[in-house]
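Notes follow the structure.
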Amino acid sequence: MGSGRSWRRNPAGASDQERLPLGLRAIDVITTFEHELRHEVPVRSIAPGNSVPGLPEIMGGLLAALETYDSPIDMSDSAGTFGVTPTPLADFVQGFVTANRKPDG
């Protein structure tokens, strides 16, 4: 569900560059968790510029500014330099949910 947006398909013969993760939006992360958990995740929205409960008042303006643009960062050079294999969002979420699932009881 969410992984289609966050990971380029790897057709036969595709280079590692073509398999790098794409930029993610918060909604991509939310829908991927919903898919893995098999239930809706509650999300509360606040109008841009309004104060955010539990955060200092100045954070409302900062968060509103962050909502006005995307700032993808190309990590392909760093990944290659440091030998890091990018993890698809769906793989991360599946591992996170599995590791944190409480046993029935």
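Note that the sequence shown covers residues 1411 to 1515 in our numbering. We treat Cβ as the ideally placed atom computed from N, Cα and C, and that holds for glycine. Here the structure is a predicted model, which means the values were calculated and not measured.
C-alpha gap between residue i and residue j, whole angstroms
i: R1448; j: P1498; result: 19 Å
i: E1477; j: V1462; result: 14 Å
i: Q1427; j: F1502; result: For Q1427, the predicted structure reports a pLDDT of 49, less than 50, and the residue's modelled location is therefore unreliable. A value from the coordinates is still provided. Those two C-alpha atoms are separated by around 20 Å.
i: V1507; j: E1446; result: 7 Å
i: A1475; j: I1468; result: 11 Å
i: Q1504; j: D1480; result: 26 Å
i: R1511; j: D1484; result: 33 Å
i: A1500; j: R1454; result: 23 Å
Contact set for residue i: own chain, Cβ-Cβ below 6 Å, skip 5 residues either direction
i: V1451; result: I1440, F1443, E1444
Cut-off 7 Å between Cβ atoms - residues of its own chain near residue i, not counting five sequence neighbours on either side
i: G1470; result: G1459, N1460, S1461, V1462
i: I1456; result: V1462
Contact under 8 Å by Cβ, residue i with residue j
i: G1433; j: P1513; result: no
| query | What are the complete alpha helix (DSSP H) segments, minimum 4 residues, inside the segment 1484-1514? | reply | 1486-1492, 1499-1510
| At which residue ranges does the segment 1427-1461 contain complete alpha helix (DSSP H) runs of 4 or more residues, listed in the order of the chain? | 1436-1447
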